[in-house]
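What follows is a single structure, written as structure tokens, with notes after it.
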Amino acid sequence: MGTPSTLGGHPQLSLRRLLAPAANVLPSFTAVGAPSLADPQGPDVLSDGTPNILLLVGADLHDMYRGRREVITNCTVEGEDLATVKGDFYALGHIPNIIGVIDGTHVALVPPHRSEQVYRNRKSYHSMNVQMVCLADQCISQVNAMFPGSVHDAYILWNSSIPYVMGQLQRQWVWLLGDSGYPNLSWLLTPVRNPRTRAEERYNEAHGRTRRVIERTFGLLKATFRCLHMTGGSLVYSPRKVCQIIIACCMLHNLALRHQVPFLQEDGPDDGVVAAVELVDSDEEEAEEEDIDNRDSVIQQYFQ
Numbered sequence: 001m002g003t004p005s006t007l008g009g010h011p012q013l014s015l016r017r018l019l020a021p022a023a024n025v026l027p028s029f030t031a032v033g034a035p036s037l038a039d040p041q042g043p044d045v046l047s048d049g050t051p052n053i054l055l056l057v058g059a060d061l062h063d064m065y066r067g068r069r070e071v072i073t074n075c076t077v078e079g080e081d082l083a084t085v086k087g088d089f090y091a092l093g094h095i096p097n098i099i100g101v102i103d104g105t106h107v108a109l110v111p112p113h114r115s116e117q118v119y120r121n122r123k124s125y126h127s128m129n130v131q132m133v134c135l136a137d138q139c140i141s142q143v144n145a146m147f148p149g150s151v152h153d154a155y156i157l158w159n160s161s162i163p164y165v166m167g168q169l170q171r172q173w174v175w176l177l178g179d180s181g182y183p184n185l186s187w188l189l190t191p192v193r194n195p196r197t198r199a200e201e202r203y204n205e206a207h208g209r210t211r212r213v214i215e216r217t218f219g220l221l222k223a224t225f226r227c228l229h230m231t232g233g234s235l236v237y238s239p240r241k242v243c244q245i246i247i248a249c250c251m252l253h254n255l256a257l258r259h260q261v262p263f264l265q266e267d268g269p270d271d272g273v274v275a276a277v278e279l280v281d282s283d284e285e286e287a288e289e290e291d292i293d294n295r296d297s298v299i300q301q302y303f304q
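Here the sequence shown is numbered in this note's numbering, starting from 1 and rising by one per residue.
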């Protein structure tokens, strides 16, 4: 890759110089099985240089993952790294034992004609609803890009690898943080919707400070890869190709973080985030009520 340039006394690499060997990073991403989307025909060639490079990475993804649309990245945490990750999150909002923040962001696309309605999201434009989990340093540890914009965040959660992965970690007493669009679970902490005590208000404030890292991650990702941002217009490719582009951008985002590449200044709050509170079906209401005791114990132990 040659000799890196220097910025502020630290080795730096430009994003352009990182793109050429990007395919070498692909084996560090573990594929997770997921149903494939219908693949209406779309253009195979993008109109400018950067998306062309992303499609090259996306083509490698297609060959490697054979229709799978979810990856767990090399930013996952195990063993000794777990304590570091929890410490980094604690520094953000003083909630202990957090190992990730989860949310959904929307990436606009031109929908296939035969199923246009399923891609229309709550803000009345067509998109893919992309679930991501990030760490405190804005590294993306999980991305699921297989669902159209009309699908609710909670549904994507239950149909992703996250419940299984967190179930395996449950004995370690760790949590993800999510907004009120998710049910409160034994491994997922959400805000108190109607706080009645000062302790609940303190918990909500700490929750908000910690959860903002996912919004900053979305902003940074979309500022770097404008094809994902609404200001870049809608992607004019099949849903399958859009999934590949999204995952490729996340991979390059993590690669740039690893090599301390200077990013463009991130935008404000992500316009693609839909964080509406919706009713859940009766089964999820019962599960949520049962697990509120778990959140209450956190509030009583750390926020009284």
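All C-beta atoms, glycine included, are put in the ideal place defined by N, C-alpha and C.
Small disclaimer: the values here were computed from a predicted structure and weren't measured.
Point to revise | residue 197 in three-state terms, based on DSSP | key: Secondary structure of residue 197 (DSSP, three-state): coil.
Point to revise | Touching by the beta-carbon criterion (3+ pairs, under 8 Å), the region 201 to 209 and the region 227 to 243 | key: Pairwise C-beta distances place the region 201 to 209 out of contact with the region 227 to 243, as fewer than three of them are shorter than 8 Å.
Review point. How is the alpha helix (DSSP H) around residue 239 delimited, first residue to last?
Key: Note, residue 239: alpha helix (DSSP H), 239 to 258.
Practice item. With DSSP as the reference, label residue 97 as helix, strand or coil. Key: It is coil, neither helix nor strand.
**Study point:** According to DSSP, residues forming a beta bridge with residue 109
**Key:** Answer is 235, bridged to residue 109.
Practice item. In the DSSP assignment, find the unbroken beta strand (DSSP E) run with residue 157 in it and report its ends. Key: Looking at the DSSP string, residue 157 is not in any beta strand (DSSP E); the run it does join, the alpha helix (DSSP H), is 153 to 158.
Exercise for review: Work out the CA separation of residue 186 and residue 165 for me, nearest whole Å.
Suggested key: Residue 186 has its alpha-carbon roughly 13 Å from the corresponding atom of residue 165.
Point to revise | Classification of residue 175 by the beta-carbon crowding that lies within 10 angstroms, buried from 16 upward | key: Within 10 angstroms of the beta-carbon of residue 175 lie 16 or more other beta-carbons, which makes it buried.
Review point. In terms of residue numbering, what span does the alpha helix (DSSP H) encompassing residue 165 cover?
Key: Boundaries of the alpha helix (DSSP H) around residue 165: 162 to 168.
Review point. Is the beta carbon of residue 108 less than 8 Å from the beta carbon of residue 127?
Key: Their beta carbons are under 8 Å apart, which means residue 108 touches residue 127 by this criterion.
Exercise for review: Classify residue 262 as buried or exposed, calling it buried when 16 or more other Cβ atoms lie within 10 Å of its own Cβ.
Suggested key: Around the beta carbon of residue 262, a 10 Å sphere encloses fewer than 16 other beta carbons of the protein chains shown; the residue is thus reported as exposed.
**Study point:** Enclosing beta strand (DSSP E) for residue 145 [first to last residue]
**Key:** First-last of the beta strand (DSSP E) with residue 145: 140 to 148.
Check your understanding: Would you report the Cα separation of residue 190 and residue 217, rounded to the nearest angstrom?
Key -> In a straight line, the C-alpha of residue 190 is about 19 Å away from that of residue 217.
Review point. Using the rule of at least 16 other Cβ atoms within 10 Å of the residue's Cβ for burial, across every protein chain shown, is residue 116 buried or exposed?
Key: Flag for residue 116 reads exposed.
Check your understanding: In angstroms, rounded to a whole number, what distance separates the CA positions of residue 101 and residue 183?
Key -> Per the coordinates, the alpha-carbon of residue 101 lies some 14 Å from the alpha-carbon of residue 183.
Review point. In three-state DSSP terms, what is residue 204?
Key: Three-state DSSP puts residue 204 in a helix.
Review point. Out of 212, 295 and 105, which has the shortest C-alpha to C-alpha gap to residue 146?
Key: The option with the nearest alpha carbon to residue 146 is 105.
**Study point:** Identity of the residue in 227, 231 and 87 nearest residue 250 by Cα
**Key:** Just measuring C-alpha positions, the residue of 227, 231 and 87 sitting nearest residue 250 is 227.
Check your understanding: On the three-state DSSP scale, how would you describe residue 131?
Key -> In the displayed model, residue 131 falls within a strand according to three-state DSSP.
Exercise for review: Decide if residue 197 is buried, meaning its Cβ has at least 16 other Cβ atoms within 10 Å, or exposed.
Suggested key: Residue 197 comes out exposed.
Check your understanding: Rounded to the nearest angstrom, how far is the Cβ of residue 139 from that of residue 257, given a contact under 8 Å?
Key -> With 8 Å as the limit, residue 139 and residue 257 qualify as a contact, their Cβ atoms being about 6 Å apart.
Point to revise | Endpoints, beta strand (DSSP E) assigned at residue 176 | key: That run of the beta strand (DSSP E) goes 175 to 177.
Check your understanding: Helix, strand or coil: how does DSSP classify residue 303 here?
Key -> Coil, per DSSP.
Review point. By Cβ distance, which residues of its chain are closer than 6 Å to residue 222, with the 5 residues on each side in sequence left out?
Key: When the five nearest sequence neighbours on each side are left out, the beta carbons in the same chain lying within less than 6 Å of the beta carbon of residue 222 are those of 228 and 229, in order along the chain.
Practice item. Quick one: using the 10 Å Cβ neighbour count with 16 as the cut-off for buried, is residue 113 buried or exposed? Key: An exposed status is given to residue 113, since fewer than 16 other beta-carbon atoms sit within 10 Å of its beta-carbon.
Exercise for review: Report the residue from 299, 83, 103 and 243 whose alpha carbon sits nearest the alpha carbon of residue 192.
Suggested key: Nearest option by C-alpha distance: 299.
Review point. How big is the Cα-Cα spacing for residue 296 and residue 194?
Key: C-alpha separation (whole angstroms): 13 Å.
Review point. Using CA coordinates, which residue listed in 99, 111, 89 and 85 is at the minimum distance from residue 233?
Key: For residue 233, the closest alpha carbon among the candidates 99, 111, 89 and 85 is that of 111.
Check your understanding: Closest by CA to residue 167, which one among 188, 219 and 224?
Key -> Nearest C-alpha to residue 167: 188.
Point to revise | CA-to-CA distance, residue 143 to residue 130, given in whole angstroms | key: Their Cα atoms are separated by approximately 7 Å.
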